[in-house]
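**Q** Supplied in structure tokens, the structure appears directly below.
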Amino acid sequence: MSSDTDTVPTPAPPTRRRRVDLGTFGLVGPPVVWLVVFFVVPVIIAGAFSVGILAFFQDEAAFSLDGWIDFLDGSAYLHLFWKSARMSLIVSVIAVLLAYPVAYFMALCAPKRKYVLLLMIIAPFFVSYFLRLLAMKVILGDQGVINSLAYWLGLRDPDDPIPALIYSQPAVIITLVFVYVPLVALPIFVVLENLDRRLLEAATDLGASRLTAFRAVTLPLSLPGVLAGFIFVFVPTLGEYFTPLLVGGTGGFMFGNSIADLYGPSLDWQTGSVLSIFLLAVIALLMVLFGLAGRFLAFRSAPTG
Amino acid sequence: MDTAISARGKWFLRAFFAFFVFFLYAPLLLLVMFSFNDADVPSFPLSGFTTDAYEQFASNEVLKASVLTSIKVSSIASFAAVGLGLLAAIALVRRQFLAKGAVVALLLSPLVIPYIVFAIALLILFSQIDRLPGIAFPLSIWTLVIGHVVILLPAVILILVPRLERIDVRLEEAAHDLGAGWVRTFRSITLPLIWPALLSAFLIAFVFSFDEIVLASFVAGDATTFPLYLFSQLRFPTLLPQVIAVAVIVFAVSMIVIVLTEIGRRVVERRLQIELDPAKYPAGAE
């Protein structure tokens, strides 16, 4: 089959060879089929539920856009979506603000041990989403670490725990920042580490103060990393489920929780599917926008001339 | 003069960094502390040192069963994800094919789907399959494994692709020109070079799957994984110290696994690269 062996040993893209082996289809096929069957098809089925083609009781199935119209027409779920989106936005902004100086320190001020420091920051994220949630619940609870410390020191009365420390919107926001912030530091670190420091020297030589150099050089060049970090938090928290469940109470209830409720106790699979597909559509749209923004930032910071 | 930061700024950043690390680790250290506290609820004042919680864990059969279930799910899912991910990574790095961009987008798309949406969609899929006449497809650890493979796959691919890119394609071509088939080429060239990355992908996937709870709570059926067990115990405050003790053990083990993997991978890869091409990879270069 593959007799087109070229004898010229020029470094060329790996495309130049066609070898007799598994074949490209044999390589790409299994993972793609897996994702199509267990990822794309389920989403399509959820889409079918959202327009009534499929239904929980199959004899009630009939095409209808009612689920979508009800949802988009100022429903409580749509309000909940905006509330969740606002919470995600707050979490993402706080996470970026906290992670930026940390990444800056690791990338530009700690030349020797920076990978050790990076591993120290990143490792908790990979290790334990749920364990760290548990830790926050133990800390924020009415009988938890902070409150009991306050009782013990006589700062508060045991019948009067600090309000909104748990089961509230701020509790969800603090916990989400705690859970996701390591992930934001990573992309910011990467762009800052690749920053050409001669640009900073040039700026200083031309009389710019460090602050001016930061504003004119470092900050703009690091924006792609900031954007990536922002996405790493904003997108997953939009559909957050367990954090509100554990520390949110009624005030911290989020969009993801109502999706779960609609499929579980409420048995309203159609509305549940509408909410799911809507969330996916929003995320797809965001990814396109972020992609464009990323391209714009990369273009603007590319060396010209 | 340091152009990036002034001396005072550096001092400030160092303090901020220390605060940040404290923010990340303090809650976990508090968990450790309270796991040794001699009380039923984790609260101040501390009432004495005890290892009761750890001893109770050793005799809690349900808890141990849940850990075993999780180990089973995580190892099978990670193994499958690394296998599929390796195929995909080889194709992405070594081949050009039709609609490659679309395939990349598909392979990475599970990264951005909210787990709750994916969990529900999978649940619907399985219930629809189960509903087909003549097919029984109950929720079990296997349905959970299926879901975990989907969410682990992009992570595995992202770990393997950069490593594969650093393997000189000419090595594989030389083997091929010398008459080795693809199996032989893979076994004697690619595999020895990629195994540290495969191992680190497997371990990271394992740790990630071990901790996953959203999919587990929707598509695992009656199977109780370790995070699900922890979650169910939160309602019984008296069991909390014990739950915390196990959580601490798991956290410590996972942390050690991740850190050792990362260090080991760096050491092994550097050695392999130096052996292969001492000129291109001078000692000390990453």
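Chains as they are written, first to last, in our numbering: chain L, 1 to 305; chain F, 306 to 591. Even glycine gets a Cβ: it sits at the ideal position worked out from N, Cα and C.
1) Helix or strand or just coil, what does DSSP make of N257/L?
2) Go through its chain and collect everything with a Cβ distance to A274/F's Cβ below 6 Å, but skip five positions before and after it.
3) Thinking just about the alpha-carbon of each residue, which of D205/L, A110/L, R86/L, V274/L is nearest to the one in R319/F?
4) Please classify V288/L: is it buried, with 16 or more other beta-carbons within 10 angstroms of its beta-carbon, or exposed?
5) Tell me, please, whether the CB atom of W269/L is closer than 9 Å to any CB atom in chain F?
6) Count the C-beta pairs between the region 258-278 of chain L and the region 45-60 of chain L that are closer than 8 Å, then say yes if the count reaches three, no if not.
7) Anything in chain F within Cβ reach of L134/L, meaning under 7 Å, just list it in chain order.
8) Give me the Cβ distance between A228/L and V177/L, rounded to the nearest whole Å; I'm assuming they're in contact under 8 Å.
9) Expressed to the nearest angstrom, what Euclidean distance is found between the alpha-carbon atoms of M106/L and L117/L?
10) By the three-class DSSP mapping on this structure, what secondary structure does N365/F have?
11) L108/L to I376/F, Cα distance in whole Å?
12) How big is the Cα-Cα spacing for F325/F and I310/F?
13) Any residues in the region 513-526 of chain F with a beta carbon nearer than 7 Å to a beta carbon of chain L? Which ones, in chain order?
14) CB-CB under 6 Å to Y167/L, same chain, minus the five flanking residues each way: which ones, in chain order?
15) Thinking L35/L and L411/F are a contact (beta carbons under 8 Å), I'd like their distance in whole angstroms, please.
16) Use the C-beta contact count for Q401/F: other C-beta atoms within 10 angstroms, 16 or more gives buried, fewer gives exposed.
17) Sorted by chain position, which residues of the same chain lie with C-beta nearer than 8 Å to F71/L's C-beta, five sequence neighbours on each side aside?
18) Below 8 Å on the Cβ atoms is my guess for I425/F versus Y263/L; work out the distance and round it to an integer in Å.
19) Quick check on the burial criterion: 16 or more other C-beta atoms within 10 angstroms. Buried or exposed for G406/F?
20) Just to confirm my understanding: we take L65/L, look at its own chain, exclude 5 residues before and 5 after, and list those with CB closer than 7 Å. What are they?
21) What in chain F is Cβ-close to P220/L, meaning under 9 Å?
22) What do you get for I429/F, buried or exposed, if any count of 16 or more other CB atoms within 10 angstroms of its CB means buried?
23) What number of angstroms, rounded off, separates the C-alpha of I139/L from the C-alpha of W487/F?
**A** With the structure as the only source:
1) Here residue 257/L refers to the residue found at position 257 when the first sequence is read from its first residue. N257/L: helix per DSSP, three-state reduction.
2) Nothing in the structure corresponds to residue 274/F, since chain F is present only between 306 and 591.
3) As a first step, residue 319/F must be located in the second sequence, where it is residue number 14. The residue with the shortest Cα to Cα distance from R319/F is A110/L.
4) For this step, residue 288/L is matched to residue 288 along the first sequence. Exposed is the label assigned to V288/L, since fewer than 16 other Cβ atoms lie within 10 Å of its Cβ.
5) For the purposes of this step, residue 269/L is taken as the residue at position 269 of the first sequence. Yes - at least one Cβ of chain F is within 9 Å of the one on W269/L.
6) yes
7) In the first sequence, residue 134/L corresponds to position 134, counting from 1. Ordered by position in chain F, the residues that pass the 7 Å Cβ test against L134/L are L535, A552.
8) Along the first sequence, one-based indexing puts residue 228/L at 228. Along the first sequence, one-based indexing puts residue 177/L at 177. Actually they are not in contact, since the Cβ atoms of A228/L and V177/L sit about 17 Å apart, beyond 8 Å.
9) Here the question's residue 106/L lines up with position 106 in the first sequence. Here the question's residue 117/L lines up with position 117 in the first sequence. Taking the straight line joining both Cα atoms gives about 7 Å.
10) Taking the first residue of the second sequence as position 1, residue 365/F is located at position 60. Three-state result, N365/F: coil.
11) Counting from 1 along the first sequence, the entry for residue 108/L is found at position 108. Counting from 1 along the second sequence, the entry for residue 376/F is found at position 71. Between L108/L and I376/F, the C-alpha separation is close to 40 Å.
12) Indexing the second sequence from 1 puts residue 325/F at position 20. Indexing the second sequence from 1 puts residue 310/F at position 5. Going by the C-alpha atoms only, they are around 19 Å apart.
13) F513, D516, I518, V519
14) On the first sequence, position 167 is the one that residue 167/L refers to. Same-chain partners within the cutoff: G249.
15) Numbered from 1 along the first sequence, position 35 holds the residue referred to as residue 35/L. Numbered from 1 along the second sequence, position 106 holds the residue referred to as residue 411/F. The Cβ separation is near 6 Å, so the contact holds.
16) The residue labelled residue 401/F in the question sits at position 96 within the second sequence. Exposed, since its Cβ has fewer than 16 Cβ neighbours within 10 Å.
17) Translated into positions along the first sequence, residue 71/L becomes position 71. Here the set comprises Y77, L78, T271, V274, L275, F278.
18) Within the second sequence, residue 425/F is the residue found at index 120, counting from 1. Within the first sequence, residue 263/L is the residue found at index 263, counting from 1. Yes, I425/F and Y263/L are in contact; Cβ-Cβ is about 5 Å, under 8 Å.
19) Position 101 of the second sequence, counted from the start, is the residue given in the question as residue 406/F. It is exposed - the Cβ of G406/F has fewer than 16 other Cβ atoms within 10 Å.
20) For the purposes of this step, residue 65/L is taken as the residue at position 65 of the first sequence. Counting only Cβ-Cβ distances below 7 Å, and skipping sequence neighbours, we find V51.
21) Here the question's residue 220/L lines up with position 220 in the first sequence. Within 9 Å Cβ-Cβ: nothing; P220/L doesn't reach chain F, min ~15 Å.
22) Translated into positions along the second sequence, residue 429/F becomes position 124. It is buried - the Cβ of I429/F has at least 16 other Cβ atoms within 10 Å.
23) Position 139 of the first sequence, counted from the start, is the residue given in the question as residue 139/L. Position 182 of the second sequence, counted from the start, is the residue given in the question as residue 487/F. Answer to the nearest angstrom: the Cα atoms are 55 Å apart.
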